[in-house]
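Below you'll find the structure, written out as structure tokens, and then a few comments.
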Amino acid sequence: MPMKGRFPIRRTLEYLQKGDLIFKNRVKVMTVNYNTHGELSDGARKFVFFNVPQIQYKNPWVQVVMFKNITPSPFLKFYLDDGEQVLVDVEGKDHKQISQHVKQILGKTEEVLQAEALAKMQASNPANFGPKKYCLKECICEVEGQVPCPSTTPLPKEMTGKYRAQMAASQD
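Numbering (my numbering), first residue to last: 852 to 1023.
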């Protein structure tokens, strides 16, 4: 992809992954109301320019809507899944302050993020076996170097219980 336009670094995968604002599962819609001119909306403009792409990348289930030049003062409004609305005033704030404030109010904590990452790692551990819905492999026989399933490939006679029982009976 050619690096054209204003601040093309914003569209790189590395930049998008650096975003640290991951919303709680309750957040469904985020609206940003700001003006394109004026000093009071400067932080909101920079928030939209620098932070919103990262938020959209990290929170694909959240709908993000921008309203330009509709209200005299800039604000963010969040719609939660239970119908509740959270209003955040961003007038005169820097885009970093806005991001920190939103993270503190509606962002997942570090403990929750670590617990989710641990659960995801446990689910994708190649040593786990079970239904394909939850695990990578359904049976130990799918791992290379293991004995195949007797249902798909017959086992050597020495490994079957019937053969062992016959041998034990013949020795008696």
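Where is the CB? At the ideal position from N, CA and C, for every residue including glycine.
### Message
For a quick check, are the C-beta atoms of R877 and L931 less than 7 Å apart?
### Response
By the CB criterion at 7 Å, R877 and L931 fall inside the cutoff.
### Message
Please classify P999 as buried or exposed, where buried requires at least 16 neighbouring CB atoms within 10 angstroms.
### Response
The residue is exposed, with fewer than 16 neighbouring Cβ atoms inside 10 Å.
### Message
Let me confirm a value: F979 is counted as buried when at least 16 other C-beta atoms fall within 10 Å, else exposed. Which label applies?
### Response
Reading off the sequence shown, one finds Asn at residue 979, where the question assumed Phe. Using a 10 angstroms sphere on the CB of N979, the tally of other CB atoms stays under 16, which defines it as exposed.
### Task
In angstroms with no decimal places, state the Cα-to-Cα distance between K971 and V963.
The C-alpha of K971 lies about 12 Å from the C-alpha of V963.
### Neighbour-count burial assignment, V903, 16 or more Cβ in a 10 Å radius
If you draw a 10 Å sphere on the C-beta of V903, you find 16 or more other C-beta atoms in it, and that means buried.
#### Entry: Three-state secondary structure assigned by DSSP to N884
Secondary structure at N884: strand, using DSSP grouped into helix, strand and coil.
### Query
Can F929 and N884 be called in contact, C-beta distance under 7 Å?
Between F929 and N884, the C-beta spacing is not below 7 Å.
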